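In this note's numbering, the protein residues as written are 196 to 262. Where a beta carbon is used, it is the ideal one built from N, C-alpha and C, also for glycine. These numbers were taken from a predicted model, which means no experiment stands behind them.
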Amino acid sequence: MIRCHLSRLMGERKLKIIEVARETGLHRNTITLLYNETATRVDLETIDALCRFFGCEIGQLFEFIEK
196 MIRCHLSRLM
206 GERKLKIIEV
216 ARETGLHRNT
226 ITLLYNETAT
236 RVDLETIDAL
246 CRFFGCEIGQ
256 LFEFIEK
């Protein structure tokens, strides 16, 4: 199972979904799906934009957890 830590990263910086969407150029629905961990797939460009925006590595944004 893949966990997305976007909500934690946003919470630490007190950011809203619309703010992240505006700053990254990503669609609000994309951010919402990742925030709620309901996304079924993610484009590499989305991962790139989020990692650049938060100044983090992929491993800080996503985590693999064995079931």
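Proximal residues to residue i (C-beta, below 6 Å), its chain only, five neighbours per side dropped
| i | result |
| --- | --- |
| L204 | F249 |
| A234 | L228 |
Anticipated Cβ contact below 8 Å, residue i with residue j, distance rounded
| i | j | result |
| --- | --- | --- |
| I212 | R198 | About 18 Å; that fails the 8 Å criterion. |
| E252 | C246 | 7 Å |
Bridge partners - residue i, DSSP secondary structure assignment
| i | result |
| --- | --- |
| C246 | Partner(s): none; C246 has no beta bridge. |
| C199 | F257 |
Nearest-angstrom Cα separation, counted from residue j out to residue i
| i | j | result |
| --- | --- | --- |
| S202 | L210 | 9 Å |
| V215 | L221 | 8 Å |
Contact set for residue i: own chain, Cβ-Cβ below 7 Å, skip 5 residues either direction
| i | result |
| --- | --- |
| E218 | F248 |
| T225 | T241 |
Same chain only: Cβ atoms within 8 Å of residue i, ignoring 5 sequence neighbours per side
| i | result |
| --- | --- |
| H200 | Q255, L256, F257, E258 |
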